[in-house]
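A short write-up of the structure that comes next.
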Amino acid sequence: MSKQTEDDSSLAYTRWSCKYHIVFCPKYRCKIIYGELRVDVGKILRRLCELEDIEIVEAHEILDHIHIFVRIPLKMSVVSFMGYLKGKSAVIIHERYVNLKYNYGNRSFWTRGYYVSTVGLNQKTI
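Letter by letter, the sequence shown follows residues 1 to 126 in the UniProt record's numbering.
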């Protein structure tokens, strides 16, 4: 077995370091992530990740998209994580900002897709 690094997590016979760079956007790629909404989106995403034991290594909210660098536990897939994160955060955002319902439809805030890239030893370049 390879040498354990500080980034590795482990179970009885398994070691892993599952890190992902994920980019996702508001619907229609509207430039709305600023001011109070930007602060709230950051808090919402952090809280949702804490609830699922997902570590946010780094995150940046840009006007029309979000970059998030996360460590996801081995038992969770990226697809299920993104479904959870985008679904729950959209519900919370619409509850707090009722006026967004008229622009983005009922309960849909994010686009359907996202970009994901695995991150290994080249973490510094990201």
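All residues carry an ideal CB built from backbone N, CA and C; glycine is no exception.
Legend entry - the region 26 to 38 touching the region 62 to 69, judged by at least three CB pairs closer than 8 Å: Taking a cut-off of 8 Å on C-beta distances, the region 26 to 38 touches the region 62 to 69, as three or more cross pairs fall below it.
Inset, instruction - Report the option in PHE109, THR14, ILE93, PHE81 whose CA atom is closest to the CA atom of VAL39. - result: ILE93
Legend entry - Proximity of residue 130 and VAL116 at Cβ, strictly below 8 Å: Limits of the chain in this structure are 1 at one end and 126 at the other, which puts residue 130 out of reach.
Inset, instruction - Out of LEU74, LEU51, GLY120, ILE72, point me to the one whose CA is closest to SER89's CA. - result: The shortest CA-to-CA distance from SER89 to any of LEU74, LEU51, GLY120, ILE72 is the one to LEU51.
Inset, instruction - Give the C-beta separation of TRP16 and LEU85 to the nearest angstrom, bearing in mind that I take them to be a contact with Cβ-Cβ under 8 Å. - result: The pair is not a contact, with the Cβ atoms about 20 Å apart (cut-off 8 Å).
Inset, instruction - Kindly indicate which residue of THR111, MET82, ILE68, GLU36 has the alpha-carbon position closest to the one of PRO26. - result: THR111
Inset, instruction - Would you verify that the beta carbon of VAL70 is, or is not, closer than 8 Å to some beta carbon of chain C? - result: In the structure shown, chain C cannot be found, because there is only a single protein chain.
Legend entry - Spatial neighbours of TYR114 in its chain, beta-carbon cut-off 7 Å, leaving aside the 5 residues before and after: ILE22, VAL23, PHE24, MET82
Inset, instruction - With a cut-off of 8 Å on the beta carbons, I'd call ARG71 and CYS18 a contact; round off their distance for me. - result: 6 Å
Legend entry - Bounding residues of the alpha helix (DSSP H) (the contiguous stretch that carries LYS43): 35 to 51
Legend entry - Opening and closing residue of the beta strand (DSSP E) in which VAL70 lies: 65 to 71
Legend entry - Neighbour-count burial assignment, TYR13, 16 or more Cβ in a 10 Å radius: exposed
Inset, instruction - Could you give the DSSP three-state label for MET1: helix, strand or coil? - result: Low local confidence applies: a pLDDT of 41 at MET1 is under 50, so the model's placement there is unreliable, and no value is given.
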